[in-house]
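Peer 1: One structure, as structure tokens, below. Some questions next.
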């Protein structure tokens, strides 16, 4: 998985914690046939062959947990062939700024260290009680915000809400990292965690009237510090390791992802039809919030277009500071889907999900 590094010019550089090997060799694969392989993959993708399956994720995860630098793991390619990848975890690169960067775990961000002393540069950590109080205060503000009231109204007015038993939030960010005067995303992280907690409260109250079942809340984020995990658990949220969050997704799940650093939408489209998704609105793979970018971590696809036929899609109104431009996607009853596909109505389109009125 590519890992972003801030470049001197403000652009994003990429490093990889795994390298694909040439079949039958211990050497990294050469790239001259990439175009042909990409074309083959796209043909299989258009035929509906999944990029991600639970079995493949579990298999790779099991291998990675017991692998070390230099080991090779086997991953099943989209065409059914077995592909070997060598683990680069622990390999050190010298950065252009004079610091050395080390890959500390597969799919984790790199860390910065001094090239002479080899000491890692670590940000400070905010005190537990301050982090807890900040999240509690943010939760209070979010509960009373007009955006939360609008979301509640939207869900209250939806006539046939699917059954929901769990919520999973991806890449909501660290709330306890002290950036020592540098700009941080702590506010975004607090509001996104508060969003998950408040949504659980709303769904618990709604479920109590019907099933009495409590909704479970999970989060998956590789940037959490131990302090974050301690605080999050105090609010009844369970922290999962990557990729365990994807493995809990089923038809009774709410998926939340705001600017994640992995292809959440692509993975979800292959694994399940969740009850609800609240995720980025962006459909253009070259832009984020309308701003041109070199790469996007969570791109849209034709497969997602097809998936949206089964969902009502509505804007998630928010301040676009602690969140971004996002959609609320609620799974439609199958009878509603069947009716819409066969009788879209005057001027309608059976292939496009219509927003909730």
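In full-length UniProt numbering, the protein residues as written are 1 to 357. Beta carbons: idealized from backbone N, C-alpha and C, even for Gly. It should be emphasised that the depicted structure is a prediction, and the values quoted were computed from it without experimental measurement.
(1) Could you give the uninterrupted runs of the beta strand (DSSP E) lying entirely in the region 51-83, keeping only those of 3 residues or more?
(2) Within 10 angstroms of the Cβ of residue 186, are there 16 or more other Cβ atoms? Answer buried if so, exposed if not.
(3) For residue 303 and residue 48, I'd like the C-alpha separation in whole angstroms.
(4) Please classify residue 146 as buried or exposed, where buried requires at least 16 neighbouring CB atoms within 10 angstroms.
(5) Within its chain, find whatever has a CB closer than 6 Å to the CB of residue 261; leave out the 5 residues flanking it on each side and keep chain order.
(6) What does the Cβ neighbour count give for residue 362, buried or exposed, with the cut at 16 atoms within 10 Å?
(7) Which residue's Cα is closest to the Cα of residue 246: 82, 80, 274?
(8) State the Cα-Cα distance for the pair residue 82 and residue 72, rounded to the nearest angstrom.
(9) Less than 7 Å between the C-beta atoms of residue 188 and residue 322, yes or no?
(10) Counting only C-beta atoms, is residue 225 closer than 7 Å to chain B at any point?
(11) Is the CB-CB distance between residue 283 and residue 162 below 7 Å?
(12) Tell me whether the beta-carbon of residue 174 lies closer than 7 Å to the beta-carbon of residue 228.
(13) Near residue 108, what residues of its chain come up, given a Cβ to Cβ distance below 6 Å and the 5 sequence neighbours on each side ignored?
(14) Hey, out of 333, 69, 281, 317, whose CA is closest to residue 311's CA?
(15) Excluding five sequence neighbours on each side, which residues of the same chain lie with their C-beta closer than 7 Å to the C-beta of residue 317?
(16) Give the DSSP-derived three-state secondary structure of residue 277 in the structure shown.
(17) Please go through the region 304-334 and give each complete beta strand (DSSP E) segment of 3 or more residues, from N-terminal end onward.
(18) Could you check if residue 326 is buried or exposed, using at least 16 other CB atoms within 10 Å of its CB as the buried criterion?
(19) Using three-state DSSP, classify residue 283 as helix, strand or coil.
(20) Only counting the same chain, and skipping five residues up and downstream in sequence, which positions put a Cβ closer than 7 Å to that of residue 76?
(21) Measure the C-alpha to C-alpha separation of residue 67 and residue 53 and round it to an integer number of angstroms.
(22) Return the Cβ separation of residue 44 and residue 79 in integer angstroms, given the expectation that the two are a contact with Cβ distance under 8 Å.
(23) Nearest to residue 305 by alpha carbon, out of 281, 292, 144?
(24) Less than 7 Å between C-beta atoms, sequence neighbours within five positions excluded: which residues of the same chain meet that for residue 139?
(25) Between the C-alpha atoms of residue 178 and residue 35, what's the straight-line distance to the nearest angstrom?
(26) So, residue 135 versus residue 190, is the Cβ gap smaller than 7 Å?
(27) Determine the direct distance from the alpha carbon of residue 42 to that of residue 339, and round the result to whole angstroms.
(28) Taking the straight line between their C-alpha atoms, what separation do you get for residue 74 and residue 65?
(29) Just to confirm, is the Cβ distance from residue 269 to residue 249 under 7 Å?
(30) Within this structure, are the beta carbons of residue 252 and residue 168 separated by less than 7 Å?
(31) Let me make sure I understand the geometry here. Which of 125, 328, 85, 124 has the alpha-carbon closest to that of residue 276?
(32) Taking residue 70 and residue 86 to be in contact with their CB atoms under 8 Å, please state how far apart those CB atoms are, rounded to whole angstroms.
(33) How is residue 272 classed by DSSP in three states: helix, strand or coil?
(34) Which word fits residue 166, buried or exposed, when buried means at least 16 other C-beta atoms lie within 10 angstroms of its C-beta?
(35) Might you give, ordered along the chain, the residues of its own chain that have their beta carbon closer than 7 Å to the beta carbon of residue 200, omitting 5 neighbours on each side?
(36) By the DSSP assignment, the alpha helix (DSSP H) with residue 225 in it spans what residues?
Peer 2: Short version:
(1) Listed in chain order, the beta strand (DSSP E) elements of length 3 or more contained wholly in the region 51-83 are 72-76.
(2) buried
(3) 8 Å
(4) Around the beta carbon of residue 146, fewer than 16 other beta carbons sit within 10 angstroms, so the residue counts as exposed.
(5) 171, 297
(6) Any question about residue 362 goes unanswered here, given that the chain covers just 1 to 357.
(7) For residue 246, the closest C-alpha among the options 82, 80, 274 is that of 274.
(8) The alpha-carbon atoms of residue 82 and residue 72 are separated by roughly 12 Å.
(9) yes
(10) Looking for chain B here will not work: only one protein chain is present.
(11) Their beta carbons are not under 7 Å apart, which means residue 283 does not touch residue 162 by this criterion.
(12) yes
(13) Its pLDDT being 46, under 50, residue 108 is placed unreliably in this model, and the value from its coordinates should be taken loosely. Contacts found: 222.
(14) 333
(15) 147, 150
(16) Residue 277 falls in the strand class under three-state DSSP.
(17) Positions of the beta strand (DSSP E) runs, each at least 3 residues long and wholly inside the region 304-334, are given as 311-316, 326-331 in order along the chain.
(18) buried
(19) coil
(20) 56, 82
(21) 21 Å
(22) 6 Å
(23) 281
(24) 194, 197, 198
(25) 44 Å
(26) Contact: yes.
(27) 31 Å
(28) 13 Å
(29) no
(30) no
(31) 328
(32) 7 Å
(33) coil
(34) buried
(35) 167, 215, 217
(36) Looking at the DSSP string, residue 225 is not in any alpha helix (DSSP H), and its letter there is neither H nor E.
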